[in-house]
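Residue numbers (our numbering): 595 to 1146.
In what follows, a single structure is set out as structure tokens and then discussed.
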């Protein structure tokens, strides 16, 4: 555009300029007359002619710019034929790393707290199938859903964490950091909606964060089975041409999911076959013992009942613990059935749990005794009893709302455990993904340059042809990157265009640090200072691949 201005400004001034002689020169007491007032007649073009000449100049310049963009695109395509050596030499992100949203000094942390499910306990993918099957059976047996629903199968390739469900319209969707619907991530049942359908249904892709609060956010690791079952039920009603209210579908599925948890069906199913559902983990014991050896206080705060936690911990640590040892000795306080997130804002008292009799004591709890188990309670009473101050406590959990929002508000430091982080970083480290990412950035930059050309060129065939090619190439690259993560919704943390997702936004809000497993802390000294990267532009674990790899 600077070139355009340099060409047009002198061009315009030459159109308006005329060549005049001086009227006369002062000579003595009078003026000497000149033979003519002007050396030539002024030639002033009409305004319409001036604008026409300017438009022609702009068109000529725009065609030159389009040609240059075309040449740059063709040169980049030549380099698309192989992965650049510079890309192969780029640093890899650590799949077991700790990633920092807010600076944390581990030497100032004296108390470590943990959730149980998907934090201390690692589950296999079979668990989602178990939850899905138990919930669909409850829908048919108790809520009288059609028997054909029993034929549904859990599809692990469909859902990701952090999706939103619109109870009023029945859509399951992925949102970006600012609350806009992901173009290829909005489903009605199992059918992906087109951009035109999204615009017709919502008026705009941009829902916004305020309106997004009215949607149901599926955040924890148990949400995979819930999201899949909701979509399958909606699709079944659509295929059967049955009228239904999308709000009831969500409420029924959610009640079924809650039932299989609260009734103990899932817990008993897991403990009946631990090797099928639980993953043994000797690294966990090493981590907990390392903390104890460093003089740290440890507590367990979970919504699960004690018998379930006890059975799971025994199985996971049985190859590491001695026969006479108990996992309970690792913790200064063990609290079960805590009822998070209500725990953080209620005034519910603690009750001591009798493991042998399976009963709750009536005596007031004003101290946490070693080796004892406690139920219910609240944050206020917890802090009064322990005297632990907020900034010296860090709490690990997998659910950003139920586990981490309350502690974050209370002043505790927070650590989000996100198991899929490891696999997503491994994909991002792969040269094939980075190759497509660099190609995508090239297309983005060339499209930006093309859109910046004079608007009059938009009707030219050269402009339209190049625009079509760039858009097609960008779309192919987006689909390739998305398919490397999840064919339906793409990556958990990013949109298809490399923007942060709404899930990533909530991590920024409530997690000071995040990692894939608590035992990743074994790779860091307990006195480490964890700092936010100085050059962070998106999520700390994400490395942007520059388009310059194809221009050198």
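All C-beta atoms, glycine included, are put in the ideal place defined by N, C-alpha and C.
In this text the structure is predicted, and so the values were computed from the model without any measurement.
- In terms of Cβ geometry, residue 1021 and residue 1078 form a close pair [threshold 8 Å].
- Distance from residue 692 to residue 1107 at the Cβ level is roughly 6 Å; contact confirmed, criterion being Cβ atoms closer than 8 Å.
- According to the DSSP assignment, residue 831 belongs to the alpha helix (DSSP H) that extends over 817-833.
- Taking all protein chains in view, the Cβ of residue 1006 is crowded by 16 or more other Cβ atoms within 10 Å, so the residue is classified as buried.
- Annotation: residue 1095 to residue 713 spans about 22 Å, alpha carbon to alpha carbon.
- The distance from the Cβ of residue 755 to that of residue 1086 is about 6 Å, consistent with a contact at the 8 Å cut-off.
- The beta carbons of residue 986 and residue 705 sit closer together than 8 Å.
- Distance from the CA of residue 966 to the CA of residue 845, rounded to the nearest whole angstrom, comes to 37 Å.
- Taking a contact as a CB-CB distance under 8 Å, the pair residue 743 and residue 734 counts as one, their CB atoms being some 5 Å apart.
- The stretch 1074-1142 is shown to contain whole beta strand (DSSP E) runs of 3 or more residues at 1107-1109, in chain order.
- By the neighbour-count definition (other C-beta atoms within 10 Å, threshold 16), residue 695 is a buried residue.
- When rounded, the separation of the alpha-carbon atoms in residue 1060 and residue 871 is 53 Å.
- The beta-bridge partner set that DSSP reports for residue 800 consists of 774.
- With respect to the C-alpha of residue 812, the residue from 921, 993 and 1053 having the closest C-alpha is 993.
- Setting aside the 5 residues that flank it on each side, residue 932 is surrounded in the same chain by 895 and 897, each with a C-beta closer than 6 Å to its C-beta; the list follows chain order.
- Look at the beta carbons and you see the stretch 747-763 touching the stretch 821-834: at least three pairs across the two are nearer than 8 Å.
- Counting only unbroken stretches of 4 or more residues, the alpha helix (DSSP H) elements lying wholly within the stretch 823-888 are 840-856, 859-866, 868-871 and 876-887, in sequence order.
- In this structure, residue 930 sits away from residue 973, with a CB-CB distance that is not shorter than 8 Å.
- In this structure residue 1112 touches residue 708 by the C-beta definition: roughly 7 Å separates them, less than 8 Å.
- Between residue 926 and residue 977, the beta carbon gap of about 14 Å keeps them out of contact (Cβ cut-off 8 Å).
- Counting along the chain, no beta strand (DSSP E) covers residue 710, and no H or E run does either.
- Going by DSSP, residue 908 is part of the alpha helix (DSSP H) stretching over 900-911.
- The Cβ atoms of residue 1030 and residue 1071 sit closer than 8 Å to each other.
- Here the stretch 902-913 lies against the stretch 857-867, with 3 or more beta-carbon pairs under 8 Å apart.
- Rounded to the nearest angstrom, the gap between the Cα atoms of residue 668 and residue 1040 is 11 Å.
- Residue 660 places its beta carbon less than 8 Å from that of residue 1057.
- As DSSP reads the structure, residue 895 sits in a beta bridge with 929.
- The beta carbon of residue 907 lies closer than 7 Å to those of 921 in the same chain, with the five residues before and after it left out.
- Look at residue 1068 here: in three-state DSSP terms it is helix.
- For residue 967, the enclosing beta strand (DSSP E) begins and ends at 967-970.
- Out of 948, 783, 808 and 779, the CA that lies nearest to the CA of residue 799 is found in 779.
- Only buried fits residue 773, as 16 or more other CB atoms lie within 10 angstroms of its CB.
- For residue 1037, the three-state secondary structure derived from DSSP is helix.
- Counting along the chain, residue 684 sits inside no beta strand (DSSP E), nor does DSSP assign it H or E at all.
- Rounded to the nearest angstrom, the gap between the Cα atoms of residue 763 and residue 843 is 11 Å.
- Of the other Cβ atoms in all chains shown, fewer than 16 fall within 10 Å of the Cβ of residue 953; this residue is therefore exposed.
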